[in-house]
Amino acid sequence: MGEKLAADLHGLSRLIDLLDEHRDAVAHRVTLTEAQSEAAVRSVAAMRAAAGVGGSADPRVDAVSDAIGNAEAAIGVLLHDLRIVDAMAALARLELERGVLIHAASGCAAIEEPSGYLGEVLELHHQQLLSASDIESRRQKAGELLSALMAPPATGLRQEDARSS
Numbered sequence: 025m026g027e028k029l030a031a032d033l034h035g036l037s038r039l040i041d042l043l044d045e046h047r048d049a050v051a052h053r054v055t056l057t058e059a060q061s062e063a064a065v066r067s068v069a070a071m072r073a074a075a076g077v078g079g080s081a082d083p084r085v086d087a088v089s090d091a092i093g094n095a096e097a098a099i100g101v102l103l104h105d106l107r108i109v110d111a112m113a114a115l116a117r118l119e120l121e122r123g124v125l126i127h128a129a130s131g132c133a134a135i136e137e138p139s140g141y142l143g144e145v146l147e148l149h150h151q152q153l154l155s156a157s158d159i160e161s162r163r164q165k166a167g168e169l170l171s172a173l174m175a176p177p178a179t180g181l182r183q184e185d186a187r188s189s
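Sequential numbering of the sequence shown, starting at 25, is according to this note's numbering.
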């Protein structure tokens, strides 16, 4: 059991690393989409200024305005996805902390080559800073948050459209 649990903890640590990488990628996509939206806003302002106060309506302005609305909806979807990834990573971290306590309580051999968050948690355990009741309380709150986030966000775009933009 001890070897399997240690392997599971290493796997969970790798999952946390992957969730963190995914979070960084989504955050980068939010930044890019925000930059595109800001550029579109400047483009609309420039077109309106070029048309003058009494100028005729330019269909390009409407098209760019629509693109701005879609970009803002996509940002909302991406931020929602970011919150879900954060909640999933929080639950994975708590499961890892719980697993370390179980591993230690079972009297198994030390976990070999801990890295990343697993190494941090083992250090917290050695310093006796992990509490099963605290972990369970945080786990319940993180689970409730994830459940609440799983409902689709209310946006002007369907999720598939926002993700493909």
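Backbone N, C-alpha and C define an ideal beta-carbon position, used for all residues, glycine too.
Within a Cβ cutoff of 7 angstroms, which residues of the same chain sit near residue i, ignoring the five residues on either side of it in sequence?
i	result
G143	none
L230	Residue numbering for the chain in the displayed model covers 25 to 189; residue 230 lies beyond these limits and cannot be assessed.
In whole angstroms, what is the alpha-carbon distance linking residue i and residue j?
i	j	result
H127	A87	59 angstroms
E147	I135	12 angstroms
S37	A172	25 angstroms
A113	D44	7 angstroms
A51	A97	15 angstroms
A116	G35	11 angstroms
S61	I92	5 angstroms
G131	L169	34 angstroms
I159	A175	25 angstroms
N94	A63	14 angstroms
L56	G167	30 angstroms
R1	D90	Because the chain spans 25 through 189 in this model, residue 1 falls outside it and cannot be assessed.
S67	L106	29 angstroms
P138	V145	9 angstroms
H234	A111	For residue 234 there is no data in the structure shown, the boundaries of the chain being 25 and 189.
Short check: CB of residue i to CB of residue j, under 7 angstroms?
i	j	result
L102	V65	no
V109	R163	no
Taking residue i and residue j to be in contact with their CB atoms under 8 angstroms, please state how far apart those CB atoms are, rounded to whole angstroms.
i	j	result
G123	L29	6 angstroms
E121	L154	6 angstroms
A133	G26	6 angstroms
Near residue i, what residues of its chain come up, given a Cβ to Cβ distance below 8 angstroms and the 5 sequence neighbours on each side ignored?
i	result
I40	A113, A116, R117, L120, G140, Y141
Worksheet item: Which runs of the alpha helix (DSSP H), 4 residues or longer, sit entirely within the segment 120-186?
Response: Taking 4 residues as the minimum length, the alpha helix (DSSP H) runs contained wholly in the segment 120-186 are 140-150, 156-173, in order along the chain.
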